[in-house]
Every structure is written in C-alpha cells, then in structure tokens.
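Visitor:
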Amino acid sequence: MNIERGRTKHKLCHMVMGIAATLFYIVPSFAKDGAAVYETVCRVCHGTGVMGAPKYGDKPGWKNRISKGVATLEKNAIIEGFEGEKGLMPAKGGRSSLSDEEVKAAVAYMIDAVK
C-alpha cells in the first residue's frame, strides 16, 4: 500500500512539474511583440509624425535619434519620455501597462524599419 501511494505521489509530482513547465513557456507569449506594440500604441504619433515624432520608416527623421544610441532611445521610451521642439512623448507612449521588454521591442521594430 505504501508503494502504491509513493507511485501516486510521484505521478502527481510529474504532472505538476509538466504543467508548471508549460505555463513557463506560455505566459511570456502573452507579451506583445514590437509590431503589435507599434500598431496599438506608437503608430498614433509615429505613423503620421504628430508633434514632431519621427515617422515610421523615415530614415532622415530617425538618423539623429539613432546616432545617440539604442540605450538612449530605450531609456527615453521607457523611463523619461522625450520632449522635442514640437511636442512631448510620454514614457511608454502613455501606456504604463506596457512592460519594459514590450517597449524595447517596439523601439527595435521602428529602428529596423530604417536600416
């Protein structure tokens, strides 16, 4: 009887570990990729150039910003926001619910469009 109980516990332990491992890989997939963040948040300004925002895909518009480095772009996008001559971009585009990784992915997506 004790052997059977041990086998049951062993099987249960394997099931729990399997479920935990599955959740570990599924949960990060809920995070938005760069294109999705751009489409839902960034495009409002970067799609049209509102308030001086560099337009998506506009190499000359992004050149000066990219020259300051990706780390600076990410810091501005995540923490500080950016105040230019024509307007202000709030940190995380005003969407505080975005993770830092989602914002970094959106920055990378916009940079890739001008390479």
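Going by this note's numbering, the sequence shown opens with residue 1, and the numbers climb by one from there. C-beta atoms are modelled at their ideal positions from N, C-alpha and C, and glycine is treated no differently. The model shown is predicted, which means the values in this text are computed figures rather than measured ones.
#1: What span of residues does the alpha helix (DSSP H) with Met51 cover, start to end?
#2: Quick one: residues in its chain with C-beta nearer than 6 angstroms to the C-beta of Ala35, no 5 flanking neighbours on either side, listed in chain order?
#3: Three-state secondary structure (DSSP) at Leu88?
#4: Using the rule of at least 16 other Cβ atoms within 10 Å of the residue's Cβ for burial, across every protein chain shown, is Lys92 buried or exposed?
#5: Is Gly52 near Lys86, with beta carbons less than 8 angstroms apart?
Guide: So, from the data block:
#1: No alpha helix (DSSP H) holds Met51; DSSP gives it neither H nor E.
#2: Cβ neighbours of Ala35 within its own chain (closer than 6 angstroms, five residues either side excluded): Tyr109.
#3: Strand.
#4: Note on Lys92: 16 or more other CB atoms within 10 angstroms of its CB, so buried under the neighbour-count rule.
#5: Lys86 is positioned such that its CB atom lies closer than 8 angstroms to that of Gly52.
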